[in-house]
Amino acid sequence: MADIFRLELLPALHGDCLLLSYGDADHPHRVLIDGGPIGAYPALSRRLQALPADERAFELLVITHVDADHIEGCLKLLNHPELATFKDIWFNGWPHVGQPLTEPVGTDYALGASPPPGQRSAMQGMEISVRIDDRSWNAAFRGAPVFVPAAGPLPVRELPGGLRLTLLSPRKVDLEKLRSAYLKALEAAQIAPEDEVALSKRLDMKAAFRGVTARLRPGLEQILDSAALATGPMDKAVANGSSIALVAEYQGRRVALLGDAHAPTLTASLARFASGSRKEPRVRFDAIKLAHHGSAGNLDEPLLDRVDCDTWLISTNGQLFSHPDAAALHAIVRRKPGARLVFNYRSEFTAPWDDPQLREAHGHTALYPDDADSDGDGISDGASDGVVMDLLTGVPVRRETRV
Ligand SMILES: [Zn+2]
Numbered sequence: 153m154a155d156i157f158r159l160e161l162l163p164a165l166h167g168d169c170l171l172l173s174y175g176d177a178d179h180p181h182r183v184l185i186d187g188g189p190i191g192a193y194p195a196l197s198r199r200l201q202a203l204p205a206d207e208r209a210f211e212l213l214v215i216t217h218v219d220a221d222h223i224e225g226c227l228k229l230l231n232h233p234e235l236a237t238f239k240d241i242w243f244n245g246w247p248h249v250g251q252p253l254t255e256p257v258g259t260d261y262a263l264g265a266s267p268p269p270g271q272r273s274a275m276q277g278m279e280i281s282v283r284i285d286d287r288s289w290n291a292a293f294r295g296a297p298v299f300v301p302a303a304g305p306l307p308v309r310e311l312p313g314g315l316r317l318t319l320l321s322p323r324k325v326d327l328e329k330l331r332s333a334y335l336k337a338l339e340a341a342q343i344a345p346e347d348e349v350a351l352s353k354r355l356d357m358k359a360a361f362r363g364v365t366a367r368l369r370p371g372l373e374q375i376l377d378s379a380a381l382a383t384g385p386m387d388k389a390v391a392n393g394s395s396i397a398l399v400a401e402y403q404g405r406r407v408a409l410l411g412d413a414h415a416p417t418l419t420a421s422l423a424r425f426a427s428g429s430r431k432e433p434r435v436r437f438d439a440i441k442l443a444h445h446g447s448a449g450n451l452d453e454p455l456l457d458r459v460d461c462d463t464w465l466i467s468t469n470g471q472l473f474s475h476p477d478a479a480a481l482h483a484i485v486r487r488k489p490g491a492r493l494v495f496n497y498r499s500e501f502t503a504p505w506d507d508p509q510l511r512e513a514h515g516h517t518a519l520y521p522d523d524a525d526s527d528g529d530g531i532s533d534g535a536s537d538g539v540v541m542d543l544l545t546g547v548p549v550r551r552e553t554r555v
């Protein structure tokens with residue numbers, strides 16, 4: 153039976169919700185990366201309901217980091233096992249970062265790093281954690297936090313069916329910063345980490361450590377007038393820096409799933425990735441899901457120089473944070489001739505990249521959900537079905553052939 157390797161960018165509003173499918177087209181393995189903000193949950197729920205009932209045992213759920221636009225849909229989904237179950241869940245929540253972190257010994261992770269039961273239950277009400285219950289949790293890392301060791305090879309895990317995942321982010325130091333931020337936020341709110349009732353009432357707590365500052369972001373006109381490949385200022389948000397970022401490989405194809413990770417961390421890990429057995433000066437990707445919804449704060453020249461890639465995936469409707477940044481996309485189309493920008497929404501921030509003059513000037517192409525929609529009903533109501541990339545052929549999948 154034919155094999156598939158597909159990445160679906162669900163319509164997750166301003167967030168991420170990625171469905172990766174691989175293996176036998178009639179019975180693929182699946183991985184979910186993030187669940188989008190709560191407003192996007194109906195779309196996720198609908199998508200999962202459309203799966204055959206016997207295909208909802210996912211190999212893995214990756215919750216890249218604690219921000220609402222990635223975690224909220226997961227929180228709800230974990231209460232709905234009738235929609236999906238997960239053989240393993242990768243996430244660095246309080247139970248994982250609240251303890252002293254130790255570098256793994258050799259290529260493996262230390263045994264016994266699993267959080268003690270008391271600590272688990274104490275945190276169950278914490279909005280920024282996730283219900284642990286009896287689920288398998290960072291099992292591929294023996295219950296330890298998921299991070300890239302300071303030295304040695306990058307952590308690699310192979311899932312049933314042959315999907316190979318290599319970890320690029322976060323580093324231990326990123327999780328230590330997250331722990332300090334948690335503790336500072338708790339102290340400011342005068343809440344003890346064990347006080348789950350108080351924690352569950354502090355739904356606004358995250359704002360204390362999110363570290364989002366308003367940035368002066370130039371518009372498209374200014375960007376196009378500028379000769380420089382200017383991105384930045386670089387993202388310093390602690391929560392984003394704690395993002396789990398991965399390379400996923402299957403059947404010789406390779407996609408980068410970058411969460412909201414920081415560019416210097418990614419660049420350093422990609423150098424390690426390239427210096428392994430592959431000896432590639434640049435790392436070739438069939439597609440890259442841009443970090444932080446195409447923010448200019450999460451892409452820089454060293455990162456662009458480290459990769460060879462034609463297809464750049466951007467997940468956001470532009471709400472709240474006005475992503476993607478024109479500067480980031482401009483850097484890509486300038487630096488990577490013939491780049492293909494794939495958006496899961498046609499918004500005021502993504503539509504300009506479809507301008508014929510702009511496309512001609514830069515030689516790029518832009519794809520939107522309606523471009524992938526071949527049912528020809530011609531209805532454009534602003535809603536999105538997301539986009540599905542066939543990573544084996546490198547082209548968007550027609551809706552009626554989705555599996
Ligand atoms: Zn995000």
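For what it's worth, this note's numbering labels the leading residue of the sequence shown as 153, then goes sequentially. Each residue gets a CB set at the ideal place from its N, CA and C atoms; glycine is no exception.
- If only complete runs of 3 or more residues are kept, the region 405-474 shows the beta strand (DSSP E) at 405-409, 435-437, 439-441, 459-461, 463-466, in order along the chain.
- The C-beta distance from residue 187 to residue 165 rounds to 11 Å, too long to meet the 8 Å contact threshold.
- For ligand 1, residues qualifying as neighbours are 221, 412, where qualification means a beta carbon closer than 5 Å to at least one of its heavy atoms (chain order).
- In this structure the region 290-304 does not lie against the region 156-173, because fewer than three pairs of beta carbons, one per stretch, are closer than 8 Å.
- Within the DSSP secondary-structure output, residue 241 pairs in a beta bridge with 213.
- Using a C-beta cut-off of 8 Å, the region 408-419 makes no contact with the region 233-242, since fewer than three inter-stretch Cβ pairs fall below that distance.
- With respect to the 7 Å criterion, residue 541 and residue 196 are not classified as neighbours on the basis of their beta carbons.
- Pairwise C-beta distances place the region 336-346 out of contact with the region 451-471, as fewer than three of them are shorter than 8 Å.
- Check the Cα spacing between residue 545 and each of 462, 507, 214, 341: the tightest is with 462.
- In this structure, DSSP gives residue 514 a helical state, which the three-state scheme calls helix.
- Scanning 506, 227, 511 for the CA closest to the CA of residue 521 turns up 506.
- In the pairwise beta carbon analysis, the region 429-449 is classified as touching the region 386-399: at least three pairs are separated by under 8 Å.
- In this structure residue 489 is exposed. Its beta-carbon is surrounded by fewer than 16 other beta-carbon atoms within 10 angstroms.
- With distances taken between CA atoms, residue 487 lies nearest to 515 out of 503, 509, 467, 515.
- Cβ contact annotation for residue 179 (same chain, cutoff 7 Å, sequence separation greater than five): 207, in chain order.
- For residue 548, the three-state secondary structure derived from DSSP is strand.
- In chain order, 186, 222, 395, 396, 411 place their CB closer than 6 Å to the CB of residue 216, counting only its own chain and leaving out the 5 sequence neighbours on each side.
- Residue 307 and residue 229 have their C-alpha atoms spaced approximately 27 Å apart.
- Its Cα nearest to that of residue 252, the residue 332 stands out among 332, 493, 174.
- Residue burial annotation: residue 427 is exposed, with fewer than 16 other C-beta atoms found within 10 angstroms of its C-beta.
- When DSSP states are grouped into helix, strand and coil, residue 181 belongs to the strand group.
- Annotated three-state conformation of residue 343 is coil, per DSSP.
- Taking a C-beta distance under 7 Å as the contact criterion, residue 501 and residue 470 qualify as a contact pair.
- Looking at the backbone, the Cα of residue 417 and that of residue 543 are separated by about 25 Å.
- When the beta-carbon positions are compared, residue 327 and residue 244 come within less than 7 Å of each other.
- In the DSSP annotation of this structure, residue 193 is not part of any beta strand (DSSP E); the continuous alpha helix (DSSP H) holding it starts and ends at 193-201.
- Cβ atoms of residue 177 and residue 205 stay farther apart than 8 Å, at about 18 Å.
- The Cβ atoms of residue 199 and residue 162 sit closer than 7 Å to each other.
- In the three-state reduction of the DSSP assignment, residue 186 falls in the coil class.
- Here the C-alpha atom of residue 293 lies approximately 19 Å from the C-alpha atom of residue 425.
- In chain order, 469, 470 place their CB closer than 7 Å to the CB of residue 499, counting only its own chain and leaving out the 5 sequence neighbours on each side.
- Distance from the Cα of residue 548 is smallest, within the candidate group 478, 438, 451, 448, for 438.
- Relative to residue 295, the option among 246, 330, 385, 329 whose CA is nearest is 246.
- In terms of Cβ geometry, residue 316 and residue 401 form a close pair [threshold 7 Å].
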